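Quick note, the sequences are listed as chains A, B and C, same order. According to the working numbering, numbering within the first sequence proceeds without interruption in unit steps and concludes at 371. According to the working numbering, numbering within the second sequence proceeds without interruption in unit steps and concludes at 318. According to the working numbering, numbering within the third sequence proceeds without interruption in unit steps and concludes at 517. Ideal Cβ positions, reconstructed from N, Cα and C, are used throughout, including at glycine. Please read all numbers here as calculations on a predicted model, not as lab measurements.
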Amino acid sequence: MAQAEAVVRPIVAVPANRWARLRRAPTLLIGIALLAIIVVAAAAAPLLTPYSPSALDMRHTFEGPSRAHPLGTDNFGRDLFARLLYGARIDLMIGVFATLVTLIVGSGVGLLAGYYGGRLDRVIMRIVDIVVAFPFFVLVIGLVAMLGTGLRNMFVAIWLVGWISYARVVRGEVLFVRTREYVEAARVIGMPDRTILVRHVLPNVITPAIVFSMTDVVLNILLGSSLSFLGLGAQPPAPEWGLMIAEGRTFLATAWWMSALPGLAIVITGVAFSLIGDGLADVLRPGG
Amino acid sequence: MTGLPRFIALRLFHLIPVVLGVTFLVFTMLKLVPGDPAIAILGIRATPEAIANIREALGLDRPFLVQYVSFLGNLLRGNLGESLVAKQPVLQMVLERLPATLSLVAMSGVITAVLTVPPAVLAARNKDRPLDHAIRGTFIFGLAIPSFWLGIILMLIFSLKLHLFPVSGFGNTWSERLHHLVLPSFTVALALSAILIRNLRAGVLEVLRADYVRTARAKGLSERAVMLRHVMRNALLSTVTIFGVNLAFLIGGTVVVETVFSLPGLGAMLVTAVYQRDYPVVQGITLVFAILIILVNLLVDLTYVALDPRVTFD
Amino acid sequence: MHSSVRKYALLYLLAAALLAGAGAPAVGQSPQSGGELRLARDADSATMDPIATTQNLDLWIFINIYDTLVRQGDDARSIVPGMAERWTVSPDGKVYTFYLRPNLKFSDGTAVRAGDVVFALNRARTAKEAAWAWTLSSVAKVEAPNNTTVRVTLKQKWAPFLADIALFDTAVYPEAYFKKVGAKGLAAKPLGSGPFYLAEWKRGDYILLKKNPYYWDAKNVRLDAVRFLVVPDDNTRILKLLNGEVDAIGFVPFSRINELKNHPDVNMVLDPSTRTDYLMFNHKKRPFADRKVRQAISYAIDREEIVRSILFGNGEPASSFLPKGAVAWDPTLKPYPYEPGTAIKLIQESSAPKGFTTSLLISAGDVTWSQVATFIKEELKAIGVTVNIQQIDPTQLIDTQSKGGYEMSLQYWTNDIIDPDELVSFAIDYTQGGNSFFTYYNNPRANQLAAQGRVESDPAKREQIYRQIQRLWYEDQHMLALYYSPFRNATRKWVHDFHQNPFGYWSLTRAWLSKR
Numbered sequence: 084m085a086q087a088e089a090v091v092r093p094i095v096a097v098p099a100n101r102w103a104r105l106r107r108a109p110t111l112l113i114g115i116a117l118l119a120i121i122v123v124a125a126a127a128a129p130l131l132t133p134y135s136p137s138a139l140d141m142r143h144t145f146e147g148p149s150r151a152h153p154l155g156t157d158n159f160g161r162d163l164f165a166r167l168l169y170g171a172r173i174d175l176m177i178g179v180f181a182t183l184v185t186l187i188v189g190s191g192v193g194l195l196a197g198y199y200g201g202r203l204d205r206v207i208m209r210i211v212d213i214v215v216a217f218p219f220f221v222l223v224i225g226l227v228a229m230l231g232t233g234l235r236n237m238f239v240a241i242w243l244v245g246w247i248s249y250a251r252v253v254r255g256e257v258l259f260v261r262t263r264e265y266v267e268a269a270r271v272i273g274m275p276d277r278t279i280l281v282r283h284v285l286p287n288v289i290t291p292a293i294v295f296s297m298t299d300v301v302l303n304i305l306l307g308s309s310l311s312f313l314g315l316g317a318q319p320p321a322p323e324w325g326l327m328i329a330e331g332r333t334f335l336a337t338a339w340w341m342s343a344l345p346g347l348a349i350v351i352t353g354v355a356f357s358l359i360g361d362g363l364a365d366v367l368r369p370g371g
Numbered sequence: 005m006t007g008l009p010r011f012i013a014l015r016l017f018h019l020i021p022v023v024l025g026v027t028f029l030v031f032t033m034l035k036l037v038p039g040d041p042a043i044a045i046l047g048i049r050a051t052p053e054a055i056a057n058i059r060e061a062l063g064l065d066r067p068f069l070v071q072y073v074s075f076l077g078n079l080l081r082g083n084l085g086e087s088l089v090a091k092q093p094v095l096q097m098v099l100e101r102l103p104a105t106l107s108l109v110a111m112s113g114v115i116t117a118v119l120t121v122p123p124a125v126l127a128a129r130n131k132d133r134p135l136d137h138a139i140r141g142t143f144i145f146g147l148a149i150p151s152f153w154l155g156i157i158l159m160l161i162f163s164l165k166l167h168l169f170p171v172s173g174f175g176n177t178w179s180e181r182l183h184h185l186v187l188p189s190f191t192v193a194l195a196l197s198a199i200l201i202r203n204l205r206a207g208v209l210e211v212l213r214a215d216y217v218r219t220a221r222a223k224g225l226s227e228r229a230v231m232l233r234h235v236m237r238n239a240l241l242s243t244v245t246i247f248g249v250n251l252a253f254l255i256g257g258t259v260v261v262e263t264v265f266s267l268p269g270l271g272a273m274l275v276t277a278v279y280q281r282d283y284p285v286v287q288g289i290t291l292v293f294a295i296l297i298i299l300v301n302l303l304v305d306l307t308y309v310a311l312d313p314r315v316t317f318d
Numbered sequence: 002m003h004s005s006v007r008k009y010a011l012l013y014l015l016a017a018a019l020l021a022g023a024g025a026p027a028v029g030q031s032p033q034s035g036g037e038l039r040l041a042r043d044a045d046s047a048t049m050d051p052i053a054t055t056q057n058l059d060l061w062i063f064i065n066i067y068d069t070l071v072r073q074g075d076d077a078r079s080i081v082p083g084m085a086e087r088w089t090v091s092p093d094g095k096v097y098t099f100y101l102r103p104n105l106k107f108s109d110g111t112a113v114r115a116g117d118v119v120f121a122l123n124r125a126r127t128a129k130e131a132a133w134a135w136t137l138s139s140v141a142k143v144e145a146p147n148n149t150t151v152r153v154t155l156k157q158k159w160a161p162f163l164a165d166i167a168l169f170d171t172a173v174y175p176e177a178y179f180k181k182v183g184a185k186g187l188a189a190k191p192l193g194s195g196p197f198y199l200a201e202w203k204r205g206d207y208i209l210l211k212k213n214p215y216y217w218d219a220k221n222v223r224l225d226a227v228r229f230l231v232v233p234d235d236n237t238r239i240l241k242l243l244n245g246e247v248d249a250i251g252f253v254p255f256s257r258i259n260e261l262k263n264h265p266d267v268n269m270v271l272d273p274s275t276r277t278d279y280l281m282f283n284h285k286k287r288p289f290a291d292r293k294v295r296q297a298i299s300y301a302i303d304r305e306e307i308v309r310s311i312l313f314g315n316g317e318p319a320s321s322f323l324p325k326g327a328v329a330w331d332p333t334l335k336p337y338p339y340e341p342g343t344a345i346k347l348i349q350e351s352s353a354p355k356g357f358t359t360s361l362l363i364s365a366g367d368v369t370w371s372q373v374a375t376f377i378k379e380e381l382k383a384i385g386v387t388v389n390i391q392q393i394d395p396t397q398l399i400d401t402q403s404k405g406g407y408e409m410s411l412q413y414w415t416n417d418i419i420d421p422d423e424l425v426s427f428a429i430d431y432t433q434g435g436n437s438f439f440t441y442y443n444n445p446r447a448n449q450l451a452a453q454g455r456v457e458s459d460p461a462k463r464e465q466i467y468r469q470i471q472r473l474w475y476e477d478q479h480m481l482a483l484y485y486s487p488f489r490n491a492t493r494k495w496v497h498d499f500h501q502n503p504f505g506y507w508s509l510t511r512a513w514l515s516k517r
């Protein structure tokens, strides 16, 4: 695989001014704005709604939108708007927290594997192969059994598996960069490896990882929600969006909004992160 | 042996430690999880005495390593053991369900290619114009849609309202099966192509500006030849890697789609087997998945070589 | 009357009659023979070996392939002849003699020998993998004095015996066949003398049963074939029914019942079941050993509301831990009322006056339980009890419960045997190996009453004993009975006489199809 991952880089013209590049990427700005709205809404939930996400109100079940309940109620009379807001906290945390750790760990592993090569590299790639081939579902069940239920085991499962993409991507970039003259020069003048890695290699290889992490956030939110959907992630009555979709599934024919709205929330949040990812790709990787 | 055959042989040889590693880890993990097939069989009437009897009947009271080694022994003889719950040979059970999963993966791959390549190229060539924005916008949405939710919506619209596609199941003849696979494959492909299209578009853009492309155009090569021979080859490189990784993940992750569309595939069987702690079946499916994933990786590597003649074998 | 008015009246009546006839249900239509019934359910069978499983998924299928000496009546209260046309009991109650019907055959045409019955019964009670051996623990020996008689000798007088031997694990298959194919062969290719035989089994996809021409009552079996399809997703299953791809579906979610009841193409078939849903307490964990705590929790749960908003009215609050309508069920008991005031008073008098925090285990993927657990969690806040819901996979749930590693949990029971002893011994008698349904409730009075019930042969006295047991349960509430719920099937209008008896067996011998 080592040789096959070396990608030839063409030489392209780039606008040097960072702000000029920013202006060329409205997607980034829109994405950030959208995400900001979601984050603020999640943080300010108690100010935006008087309802608790888990308070039952059996006299007002399955209601449509109204002055009292802007997005209606579910089968327990719980206010859907409140549930979506408090659920945003959970899902944002899933997306960001899971991704952040895998980004850092995966990139670190890829950096080391690509730079030092040799046996370290071979061992790491072997581990990667095994992790890739390990059935994710079995892993999750095992973690639930050993660590108990809830969000925690979902995080651990994602951490154990999600670092691979970053490791591979960064490693590929490092393989290319380490043959560059400035790295050679640094080594010749006796700069310690650690300094070379941090100051010269890392900034040049981290870009695709960061771009991918935006997509990864979306994927992790989806993964988290499908685990909750299977009953292995967030536990009822948590307003996690995937769990809400699962709970609403049985009412799909009559109260379709119970599943539709959290699905829409996932889409909107995902779009925000995707736009940021697209924008970052435009800004950081000149020429596309 | 040199060149291609040696490359393939070496990769297949590397299959062995990976497979061993994975099956051992899976076996260990399952053993650490509370519950065993005796409980699954007995249900709530699981009195300690009944459990002990059934465990003995199933050979579960042997030491842990003995059980694993006997699994390996069977494997060498081409035998995947026997399901503890259904008492049928695992190999046979797996082979019965393999076509559904394989067809789903294959068809998803094909639809993904169709959904990814033309739009990516169109978007790149019309960069920053409305078509580009429309395509990118569509796929930004596509990425964020949960597949299990999409599956239900598609079913409601296409099966119940429009009666265009069957609601679920697998069908009996190959043409029937194709028909049944369209909706589930489309659900999977949409998610996958949303991931790939950004990457491919970026790759195409990057290459379109490259020197050698300008050279080729200056030499008078037709646009189509430029695209096919120079642009696509290079643009596809990193996309193919991501495709390979995700396809691999897909193979293990067809569970949700198989459940929603009631496809009798390996993913659904894995879930049931894990719930029932049917170790031989879990091992068998894990083995098949691991082999499939490695084969997919091998294919990806070979595609790399085909695309970029500068790359050589070890 | 004016002649033209009369003409109009006649025409009108004729038209009305035609319209009524076209749209009316097939009341008064006589049963037709033939056709294949396509029935969709949520999961596949694993095995067809009658002794090796406790899963309804398995037994509800092979109960149609095999036959037993005697069978449970559809009213769930009586025993009726099966392969045996009559039987006698010795005066000391220890020897039962069964007389087989003449010319019984298996579905491959071979004759049924008494020796086959003996072989099957012995395997059911002695094989290592026999999951129901304990039901036949009263048996000393089984013999075939001649080719059409089977004699069972018990160790002592045993009131539930006939009910025990009517259970599906006593299904009969040829000894020679078993010796040839073994347990593995029987599990995949069963051979019985029941109303149907297994024609095809595509695992994960469908099971096809065809009418057995050699069945002793074949002339009363109306269907030609039954196809059990596997459709795990609830919404998909209903879509297939509405699409006409299947004729009947089982396990209709509660939330769709009322809609299907009103659907013009669908019959919603709700049959009484023996299913009771419980809230279990582990008495080994501190607050639950205190009766006042348990009673407080019982008063704090609004069962009517559960039935109304989670079952959508399709069920009722449970009054006893025995299934409604079962033998010895006490009709004078009423469900615990919803009295939050009483609950608060009781918790304050208990050993945990300030409440406590606890966990509630449920199976992952069970839609109804997820809602019940959520509801209970909210209700118990009123008495200061904080509940953390944990979904775990079903096998781990049972494993945890059987090892006493839980605090509260939801569970359910369905009867397999007509006799009340099955549930009583399991749920309330600590000495019988079930640890009182995993609650570790050990009340010597309950144990004693249960033991009496097992040996009392006078039906009236037995009834009294079981009433006492139920009243004792009502006071102690060692586990709470929450609700009863029916079997929930839906069929298209061209399916008739399709029901599930209280044990869950579909009425496949009586069901019939009219034109689709």
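With fewer than 16 other beta carbons inside 10 angstroms of its own, C:N263 counts as exposed. Rounded to whole angstroms, A:G201 and A:A355 show a C-alpha spacing of 40 Å. When only Cα atoms are considered, B:I58 and A:I247 end up about 41 Å apart.
The beta carbon of C:K355 is closer than 8 Å to those of G385 in its chain, skipping five residues each way along the sequence. Interface residue (Cβ-Cβ distance to chain A less than 7 Å): C:I348 is not classified as such.
Pairing C:R204 with B:Q96, the inter-Cα distance amounts to about 11 Å.
Under the DSSP assignment, C:M269 falls in the beta strand (DSSP E) whose first and last residues are V267 to D272. For B:E53, the residues of chain C that pass the 7 Å Cβ criterion are G434, in the order they occur in the chain. Between the alpha carbons of C:V456 and C:K95 lies a distance of about 12 Å. By alpha-carbon distance to C:W507, the top candidate from C:R292, C:G251, C:L514 and C:G454 is C:G251.
In the assembly as shown, C:S352 is an exposed residue. Its beta-carbon has fewer than 16 other beta-carbons within 10 Å. Secondary-structure assignment with DSSP links B:P134 through no beta bridge to anything. Neighbours of C:K185 across chain B, judged by C-beta separation under 8 Å: E86, K91 and Q92. It is roughly 19 Å from the alpha-carbon of C:D331 to the alpha-carbon of C:P161. Around B:M97, the beta-carbon contacts reaching into chain C at under 8 Å are R204.
Contact note: A:S137 reaches chain C through T375, K378 and E379, using a C-beta cutoff of 9 Å and chain order. According to DSSP, residue pairing for C:Q412 in a beta bridge involves C:Y279. Within the same chain, and ignoring the five residues on either side of C:D59 in sequence, the residues whose Cβ sits closer than 8 Å to its Cβ are S46, A47, T48 and M49. Within the stretch 217-238 of chain C, the residues whose Cβ lies closer than 7 Å to some Cβ of chain A are D235 and N236, listed in chain order.
Judged by DSSP secondary structure, B:Q71 falls outside any beta strand (DSSP E) and instead within the alpha helix (DSSP H) spanning F68 to L80.
DSSP places C:V182 in the uninterrupted alpha helix (DSSP H) bounded by E176 to A189. Per DSSP, the unbroken alpha helix (DSSP H) holding B:F11 starts and ends at G7 to L36. The criterion of a C-beta distance shorter than 7 Å is satisfied by C:R228 and C:R39.
A straight-line Cα-Cα distance of about 35 Å links C:V153 and C:Q412. Taking 7 Å as the CB threshold, C:P336 stays off the interface with chain A. By alpha-carbon distance to C:A41, the top candidate from C:A85, C:T55, C:V232 and C:R126 is C:V232. Per DSSP, reduced to three states, the secondary structure at C:T98 is strand. Assigned with DSSP and collapsed to three states, B:T276 falls in helix.
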